[in-house]
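Enquirer: Numbering-wise, the numbering used here comes out as the position in the sequence shown, counting from 1, plus 47. All C-beta atoms, glycine included, are put in the ideal place defined by N, C-alpha and C.
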Amino acid sequence: MSKNPSGFCGKIIIASILVIISGCFFYSRIDSIFGANFAQGKELKNSVWEEEEYLSVLSGEKNFLGSEYNFSSGDEEKIDPEKKALENQLREIAAGYPIEEMIPYISEYDRKIAGLIVGIAKKESDWGKHAPSKDGKTCYNYWGYKGGGSLGHSLGYGCFASPEEGVNAIGGRIQELVNKKLNTPSKMIVWKCGSTCAGHDPAGVKKWISDVSIYFDKISKKG
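Laid out in structure tokens, this is it:
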């Protein structure tokens with residue numbers, strides 16, 4: 048019995064086509080399985096990396112630009128030792144007086160200005176024990192200052208809303224006078240007398256200078 052060459056070839060072609068189709072189907076299944084797993088793994092890896100980066104920022108090991116640093120190596124705000132020493136000295140001197148709550152603001156000034164602020168406050172109000180008030184609340188004016196405050200005036204003296212406002216107003220005014228070379232208690236007598244001490248009791252003028260000098264001398268010098 049003779050074979051039909053054309054029929055045999057046709058079967059070969061059909062079989063080849065079926066093999067190719069099966070191969071394509073198998074490949075697409077493998078790609079979909081492994082491709083999804085790869086994508087999932089990549090996404091998981093990225094997620095873990097992002098979490099690690101986020102935690103490193105929170106812990107302080109890195110900043111948001113990705114550079115590493117260590118907070119313990121001096122990146123934190125440095126405390127000025129001189130300012131801290133002045134603040135500690137003022138707290139020791141004025142402990143228990145109303146002016147004590149103003150010390151953080153007073154210590155922002157240099158020793159000469161701080162010495163005048165504290166010295167004048169001691170003389171004018173005994174560091175806040177005898178100071179004007181308004182509506183039952185202190186005016187935070189311990190210097191006999193007659194300029195206006197944010198709360199206006201009380202008994203002819205400026206009335207401030209907070210310790211910080213009071214210190215800033217007085218510190219600023221004293222700084223202006225110091226810039227004009229009125230930088231010692233004797234030269235700062237204008238605080239008591241105004242433009243002239245004529246008409247003032249000479250003994251009172253001398254006592255004012257002497258009393259202000261006590262704490263000015265202590266504070267204006269280091270240590």
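So, helix, strand or coil for S180, using DSSP?
Expert: Judged by DSSP in its simplified three-state form, S180 adopts strand.
Enquirer: Alpha carbon to alpha carbon, what distance is there between P232 and S260?
Expert: 6 angstroms
Enquirer: On the three-state DSSP scale, how would you describe Y204?
Expert: strand
Enquirer: Measure the C-alpha to C-alpha separation of G251 and K125 and round it to an integer number of angstroms.
Expert: 45 angstroms
Enquirer: DSSP has G199 in a bridge; who is on the other side?
Expert: G196
Enquirer: Look up T185 in the DSSP assignment and give the residues it is bridged to.
Expert: S180
Enquirer: Going by DSSP in three states, A216 sits in which element: helix, strand or coil?
Expert: helix
Enquirer: Below 8 angstroms on the Cβ atoms is my contact criterion, and I expect S201 with S180 to pass it. Report the Cβ-Cβ distance as a whole number of Å.
Expert: At roughly 6 angstroms, the Cβ-Cβ gap stays under 8 angstroms, so S201 and S180 are in contact.
Enquirer: Please state whether the Cβ-Cβ distance between V165 and I236 is less than 9 angstroms.
Expert: no
Enquirer: When you compare only the Cα positions, how much space is there between C206 and P145?
Expert: Linking C206 to P145 through their CA atoms gives a straight-line distance of about 15 angstroms.
Enquirer: Pull up the distance between the alpha-carbon of G313 and that of N135, whole angstroms please.
Expert: With the chain running from 48 to 270 in the structure shown, residue 313 is simply not present.
Enquirer: Helix, strand or coil for P210 per DSSP?
Expert: helix
Enquirer: Can the beta-carbon of K193 be found less than 9 angstroms from the beta-carbon of W255?
Expert: no
Enquirer: What is the residue span of the alpha helix (DSSP H) that K169 lies within?
Expert: R158 to S172
Enquirer: Could you check the C-alpha separation between E147 and Y189 for me, to the nearest Å?
Expert: 12 angstroms
Enquirer: Can you give the Cα-Cα distance for I140 and S257, rounded to whole angstroms?
Expert: 18 angstroms
Enquirer: Taking just the CA atoms, how far does G162 sit from K131?
Expert: 15 angstroms
Enquirer: Under the three-state reduction of DSSP, which class applies to G30: helix, strand or coil?
Expert: This structure does not reach residue 30, given that the chain is present from 48 up to 270, and the question cannot be answered.
Enquirer: Do N215 and Y152 have their C-beta atoms closer together than 9 angstroms?
Expert: yes
Enquirer: In whole angstroms, give me the CA-to-CA distance for P128 and K269.
Expert: 12 angstroms
Enquirer: Taking a contact to mean a Cβ-Cβ separation below 9 angstroms, would you say M149 touches P210 in this structure?
Expert: yes
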